[in-house]
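Chains as they are written, first to last, in the numbering used here: chain V, 795 to 874; chain C, 1188 to 1667.
Right, here's the structure in full:
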C-alpha cells in the first residue's frame, strides 16, 4: 500500500476515534497536536488501526512510537 | 534530615560550596556520599535497605540486558519486581494483610495469630521502590541501556532532594545528567533558590497553618458543626497541595541549584476543569509512572474490549495508586473513587466535548469557574479517604453531618489562626491564578527592575519568618 493511501486511511481512523473532522495527518503530528489524543484514547486508536489493517502490534512497538510518521512506518513494516 | 530542619540549613549550603569547588568528575561521587549522609540521618539502619534495593536493581538491570532469551528476560524482570517489592510489602502492607487473614480465618473458626510488625515505615521507600522498578522495566523494554556504574544507580535512588518524597524520577533523565559534567549555571541556581523559597512558603505558611485548623476539626466530628466540617473539607486539599507541592518545589529547587533538572510534580491543579485534567496537574511524577508502567500495559492487553478495557485499566491503575498511598480500606476506596471519576469522564468524553464545542462553553468565564469549582469539590470530598481520617466510617460521618446538619458556628480556633490560614490560602491561590492566566504580567521575583525583585524576595522571606509555622512536624507524604 502506498504511504499516501495509508495516511489517508489513518486520517479516517483518527477523525473517528478523536471525534475531530478537521484532523489532517502528516508524519510530524504528535499527540500534542491533537486535543483529544491522550493516554485514554491512544489504545482505542491502536486497536482500530490493528483492525483496519489486520495487523498486531507489540507493547514494545507501541512504546517506541514518536509521531504519526513512526506509526506509518510500523504499519508498513507489518504489511510488508 | 528533613528540608524544614535546622540541620538542613547548614547541610545544604555546605554541600553546594563543596560541590562547586570539586572537579566536575568527582561531583556525582560527592553527591552520593552527601545523599547517604542525608538519608541515614533519619535512621541509619534504613540506609542498608536503600543500599540493598540499589544493589538488586543494579544487578538485575545488567542481567536483563545481557540475556537474549525472551522468556528468561521476562523471568528475570518478574524476579526483580518481586525482590524489590518485598521490603515495601514487609514494612507497609504486612500488618494490613496479616490482620485481614487473621479475621478471615477467625470467621471460619480458626484462630491463627501472627505477630504484628512494630517497625516504622522507612521514609521514602514507596518512592525509591517505584524509581527502581521503573529503571528495570525501561531496560527490559529496551528504552534505556543498563548502567554499569553502580555509583550512578546508587545516586539515582538516593539523590537527597528526591529520596524522601519524590518527584518519582526516571532513570533515563537522571543517569544522563549524573554521567555528564554539571557546571555552574547562574540562571539555574537563581531559579532553584526561587523554587525553594516558594516551596518553603507553601509548606511553612500554608500547609502547616491549614493543618492546625483541619486536624482539630476532623478529629472532633461529634462536637463540630456541619459548616465547620465543610470548612475543613474545603481547606484540606490546600494543605496536601501546599505540603507535597511545597516539598516538591524545594526538591526541584535543590537539584536546580546543583545544575540538575528534576521533573515538575504539580501544575496549578486547582485550575483543572475536569478530573482527567486534574490528574494531569496533580502529583504528575506518580501519575505518569502509573500511566507508563501500569495503565498502558493493562490498556494494551485489554484494547480489544475498547471502552470497557479503558475503564477496567483505569480502575485497576487507581486501585494500585490507592494501595501505594497506604495500607487501609480508606486508600483502596479513594483509589476506586478516582478511577470511577475518570472512567465516567472517559465514557462521556465524546458527547461532553461535542456539547462544549457546540455552545463554545470553554471560552465562557462562568463555565470555566463552575467547572473548576465542581472539580475541586469532587476532589476535596474524595480526599477525605486519603489520609485525614483513619476509617471509612469516620469519613462517611463527616459527609453525613455536612449534608444533614450543616447549621452551626464555624470553627476558627483563634482570630489569628483563621486570619493567617486564610492569608496563606488566598496568597497561594492568587499567585497560581496569576501564573495560570497572566503569566507575563505582575512579575515579582523575576521582575526586570532590581528594586521590585529584591523587595519581593525580602517580603517573601519576612512572610515566611513571621507567619510560618516551624514546628509543624513532617511532610504528609513521608507516611506514604
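Ideal Cβ positions, reconstructed from N, Cα and C, are used throughout, including at glycine.
*Contacting residues, own chain, Cβ-Cβ under 6 Å from residue 1190 of chain C (five flanking each side not counted)*: 1437
*Specify the secondary structure class of residue 1341 of chain C as computed by DSSP and reduced to three states.*
helix
_Neighbour flag for residue 1482 of chain C against chain V, beta carbons, 9 Å_ = yes
*Determine which residues of the region 1532-1556 of chain C have a Cβ less than 8 Å from any Cβ of chain V, and write them out in chain order.*
1533, 1536, 1537, 1540 and 1541
_Along the chain, where does the alpha helix (DSSP H) containing residue 1374 of chain C start, and where does it finish?_
1373-1387
*Within 10 angstroms of its Cβ, does residue 1262 of chain C collect 16 or more other Cβ (buried), or is it exposed?*
exposed
*Kindly list the residues whose CB is nearer than 8 Å to the CB of residue 1622 of chain C, restricted to its own chain and excluding five residues on each side of it in sequence; keep chain order.*
1455
*Which residues in the same chain as residue 1596 of chain C place their Cβ atom closer than 8 Å to its Cβ, once the five residues preceding and following it in sequence are excluded?*
1412, 1414 and 1415
*asked:* Measuring alpha carbon to alpha carbon, tell me which residue in C:1348, C:1462 and C:1459 is nearest residue 1439 of chain C.
replied: C:1348
*Taking C-beta pairs closer than 8 Å, name the residues in chain B that residue 1487 of chain C reaches, listed in chain order.*
The chain labelled as chain B is not found among the protein chains of the depicted structure, namely V and C.
*Which of helix, strand or coil DSSP assigns to residue 1581 of chain C*: helix
*Interfacial residues, the region 1318-1330 of chain C to chain V, with Cβ spacing under 8 Å*: 1328, 1329 and 1330
*Using a Cβ cut-off of 8 Å, pull out every chain V residue sitting near residue 1493 of chain C, in sequence order please.*
838 and 841
_Please give me, in chain order, every unbroken run of the alpha helix (DSSP H) with length at least 4 that falls completely inside the region 1240-1284 of chain C._
1257-1275
_Taking the straight line between their C-alpha atoms, what separation do you get for residue 1242 of chain C and residue 1271 of chain C?_
10 Å
_Cβ shell of residue 1385 of chain C (< 7 Å), same chain only, five flanking positions each side left out_ = 1436
*Would you kindly report the start and end of the unbroken alpha helix (DSSP H) that includes residue 847 of chain V?*
833-847
*9 Å Cβ cutoff met for residue 1535 of chain C and residue 1576 of chain C*: no
*Straight-line CA distance for residue 1341 of chain C to residue 1394 of chain C?*
32 Å
*asked:* Output needed for residue 1222 of chain C: all residues of its chain with C-beta closer than 6 Å, excluding positions within five of it in sequence on either side, in chain order.
replied: 1345, 1346 and 1347
*Distance, Cα to Cα, residue 1327 of chain C vs residue 1655 of chain C?*
46 Å
*Ranges of the alpha helix (DSSP H) found wholly within the region 1599-1642 of chain C, counting only runs of at least 4*: 1602-1624
*Give me the Cβ distance between residue 1532 of chain C and residue 1462 of chain C, rounded to the nearest whole Å; I'm assuming they're in contact under 8 Å.*
6 Å
*Per-residue DSSP class, three states only, for residue 1595 of chain C*: coil
_Helix, strand or coil for residue 821 of chain V? Go by DSSP, reduced to three states._
coil
_Could you check whether the Cβ of residue 813 of chain V sits closer than 9 Å to any Cβ belonging to chain C?_
yes
*Under 9 Å between C-beta atoms, does residue 1496 of chain C make it to chain V?*
yes
*Where residue 1490 of chain C meets chain V, residues with beta-carbon distance less than 9 Å*: 837, 838, 840, 841 and 844
*Tell me whether residue 1194 of chain C is buried or exposed, calling it buried when 16 or more other Cβ atoms sit within 10 Å of its Cβ.*
exposed
_At the level of alpha carbons, what is the spacing between residue 1598 of chain C and residue 1280 of chain C?_
36 Å
*Checking contacts by CB at 9 Å: is residue 1254 of chain C closer than that to chain V?*
no
*Going along the region 1585-1604 of chain C in order, which residues come within less than 9 Å of chain V, judged by CB to CB distance?*
none
*Classify residue 1673 of chain C as buried or exposed, calling it buried when 16 or more other Cβ atoms lie within 10 Å of its own Cβ.*
Past the edges of chain C, shown from 1188 to 1667, lies residue 1673 of chain C, and the structure says nothing about it.
_Taking the alpha helix (DSSP H) that residue 1559 of chain C belongs to, which residues open and close that run?_
1552-1569
_Short CB-CB distance (under 9 Å) between residue 1463 of chain C and chain V_ = yes
*Report the option in C:1376, C:1313, C:1378 and C:1375 whose CA atom is closest to the CA atom of residue 1354 of chain C.*
C:1313
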